[in-house]
Amino acid sequence: MELASARALKEELSAELDRIAAGEVTPLMEMMSATMDSRTKALAPYHLVPHGVALGVAVGSEIDDYRLALRIQVQSPASTSFTSYAVGLARNEADVRSIGLLTLGRDASAGMPPYCEEVRPIKPGYSIGHPIVGAGTIGALVEDQNGRHGILSNSHILAVAGLATKRDNILQPGALDGGREPANVVASLERFVSLERGRGGSNVVDAAYALLKNGVRLDPTYDGKPMQRVVPARELAENMNVWKLGRSTGKTRGKVSVVNCDNLQVRLGGVIYSFDDQLEVESDSPFSQEGDSGAVVLNDKDEGIGLLLTGSERGGSNGKGLTYANPLETVLKNLKLKPL
1 MELASARALK EELSAELDRI AAGEVTPLME MMSATMDSRT KALAPYHLVP
51 HGVALGVAVG SEIDDYRLAL RIQVQSPAST SFTSYAVGLA RNEADVRSIG
101 LLTLGRDASA GMPPYCEEVR PIKPGYSIGH PIVGAGTIGA LVEDQNGRHG
151 ILSNSHILAV AGLATKRDNI LQPGALDGGR EPANVVASLE RFVSLERGRG
201 GSNVVDAAYA LLKNGVRLDP TYDGKPMQRV VPARELAENM NVWKLGRSTG
251 KTRGKVSVVN CDNLQVRLGG VIYSFDDQLE VESDSPFSQE GDSGAVVLND
301 KDEGIGLLLT GSERGGSNGK GLTYANPLET VLKNLKLKPL
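Following the UniProt record's numbering, the numbering of the sequence shown begins with 1 at its first residue and continues without gaps.
Written out as structure tokens, the structure reads:
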């Protein structure tokens with residue numbers, strides 16, 4: 001189907017879910033009731049909302065080759081009924097995957113040298129982190145509105161998902177990779193985006209900015225190549241090959257498989273956060289692992305498209321997991337930054 005049709009269908013389904021949560025009887029509600037047992041029907045309408053299903057637009061390889069994307073995170077009678085209903089509305093032009101619940105803050109795996117090691121000048125793709133966080137990845141070297149230079153990565157890497165304090169030390173490499181205070185302090189936390197808790201919350205970015213210490217040298221290139229530009233969010237629906245540099249898996253390649261992915265459920269420290277407007281990346285081999293969070297995803301023109309959030313353990317067409325990223329343009333606007 002055409003892009004506009006896929007987006008309109010996704011919005012129609014999202015709106016119907018909102019109406020069910022508000023207690024309205026909708027065509028979806030009637031269809032779900034017809035397929036459920038009496039015990040499930042007795043639940044209040046809110047409990048019939050399939051919270052564990054993310055909706056997006058799947059990107060094909062041809063022109064106007066788009067489908068409704070459904071990512072099943074929690075298996076339940078509600079999610080099963082909703083999936084059947086949505087696939088019917090899409091006239092079977094749907095891409096359905098079971099990905100499970102996503103998790104942030106898991107202990108990173110062993111890093112890939114040299115990306116898990118100390119590096120001077122500071123470069124994207126290398127280990128970074130708050131002293132009480134294991135390790136993540138330097139996404140980009142950036143400039144703020146005052147002309148100062150610093151590091152962009154995830155909030156859960158640099159700011160402990162909002163629990164840290166401004167001016168906290170930032171280590172390179174991260175603590176899991178041997179970084180210690182004061183020897184490996186390269187920056188101080190400057191600002192971050194606070195995450196909204198709960199399934200009903202709506203987050204788009206998990207991002208933070210750390211100000212480089214005086215005298216810390218930097219190299220903003222990726223494998224020796226500068227970022228050419230940041231791709232506007234409106235252009236992200238194009239068929240796109242991508243790559244990234246990350247602390248755990250180094251340089252990996254993939255393709256954008258879904259855009260505008262909403263209601264993506266992510267667990268951090270026992271709390272569920274809901275993310276909207278996310279990008280999905282698929283690869284022949286794992287595109288990312290724990291410790292790659294914060295990496296910038298670039299296309300094959302070396303243009304920045306996303307800030308890596310996390311990945312699933314399953315759901316890829318090859319049996320591998322999928323990776324999810326915040327739109328980079330949105331990240332930079334939120335933090336008032338531009339890449340060097």
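Ideal placement from N, C-alpha and C gives every residue a C-beta, glycine not left out. If you're wondering where the values come from, they're calculated on a predicted model, not measured in any experiment.
Between the alpha carbons of residue 271 and residue 97 lies a gap of roughly 24 Å. By the criterion of a C-beta distance shorter than 6 Å, residue 144 is surrounded in its chain by 337, once the five residues flanking it on both sides are discounted. If the five residues before and after residue 321 are omitted, its C-beta is found closer than 7 Å to the C-beta atoms of 286, 311, 312, 313, 314, 315, all from its own chain and listed in chain order. When DSSP states are grouped into helix, strand and coil, residue 30 belongs to the helix group. Taking C-beta atoms as the reference points, residue 261 and residue 235 fail to come closer than 8 Å. Beyond the five residues adjoining it in sequence on each side, residue 54 comes within less than 6 Å, by CB distance, of 71, 261, 263, 264 in the same chain, given in chain order. In the DSSP assignment, residue 190 falls within the beta strand (DSSP E) that extends over 185 to 192. Less than 8 Å divides the Cβ of residue 150 from the Cβ of residue 142.
Secondary structure at residue 255: strand, using DSSP grouped into helix, strand and coil. Going by beta carbons, residue 69 and residue 231 fall outside the 8 Å limit. Beta-bridge analysis with DSSP links residue 120 to no other residue. With fewer than 16 other CB atoms across the displayed protein chains lying within 10 angstroms of its CB, residue 25 is exposed. Short of 7 Å from the beta carbon of residue 237, and not among the five residues preceding or following it, lie these beta carbons of its own chain, in chain order: 3, 57, 59, 259.
Secondary structure at residue 336: coil, using DSSP grouped into helix, strand and coil. Boundaries for residue 144: no alpha helix (DSSP H) harbours it, while the beta strand (DSSP E) harbouring it runs 140 to 144, taken from the DSSP string. In the pairwise beta carbon analysis, the stretch 119 to 139 is classified as touching the stretch 163 to 179: at least three pairs are separated by under 8 Å.
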